[in-house]
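Quick note: this note's numbering has the sequence shown finishing at residue 127, numbered continuously throughout.
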Amino acid sequence: MTTHAPVLPLWLCEGCDRPWPCATRRADLLAERERVPLAYYLSLCLIAAVQDMGWAPVDVLRRRFIGWLP
Ligand SMILES: [Zn+2]
58 MTTHAPVLPL WLCEGCDRPW PCATRRADLL AERERVPLAY YLSLCLIAAV
108 QDMGWAPVDV LRRRFIGWLP
C-alpha cells in the first residue's frame, strides 16, 4: 500500500513532500496501470491541478503530470 498520494491543493506527495507524482508514485503507477488508462487518469489529475494551481504555468504542469510517461 503506497502512501505517495497527492495532498491538495498544492499536489505535493504526502509520502515524500515532492511535487506529485513523485518518482516513487510514477513507478507505482506504471506498474499498476495500463498505458492508456494511466494517461487518461493523469490527464484528469492535470486538469484538476491546473484549476488548483492557477498561478503555475500550464506547460510546467503538463510536463510534470503527463510528460514523464514513456
Ligand atoms: Zn512520494
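Glycine included, each C-beta is placed from N, C-alpha and C at the ideal position.
Next item on the list: Please go through the same chain and pick out, in chain order, the residues whose beta-carbon is closer than 7 Å to the beta-carbon of L86, but skip the five residues on each side of it.
Entry: Counting from one through the sequence shown, the residue named residue 86 turns up at place 29. Around L86: P78, L95.
*Is L118 closer than 8 Å to L103 when the C-beta atoms are compared?*
One-based indexing of the sequence shown puts residue 103 at position 46. One-based indexing of the sequence shown puts residue 118 at position 61. In this structure, L118 lies closer than 8 Å to L103 by Cβ.
Check your understanding: Should R92 be counted as a contact of ligand 1 given a C-beta to heavy atom distance under 7 Å?
Key -> Counted from its first residue, the sequence shown places residue 92 at position 35. Not under cutoff, so the answer is no.
- prompt: Nearest-angstrom Cα distance between V69 and P114?
  reply: Position 12 of the sequence shown, counted from the first residue, corresponds to residue 69. Position 57 of the sequence shown, counted from the first residue, corresponds to residue 114. For clarity, residue 69 is Leu in the given sequence; the question names Val instead. Distance between the alpha carbons of L69 and P114 is about 16 Å.
Taking the Cβ atom as the reference point for each residue, do R121 and P76 lie within a distance shorter than 8 Å?
As a working mapping, residue 121 is identified with position 64 in the sequence shown. As a working mapping, residue 76 is identified with position 19 in the sequence shown. Contact: yes.
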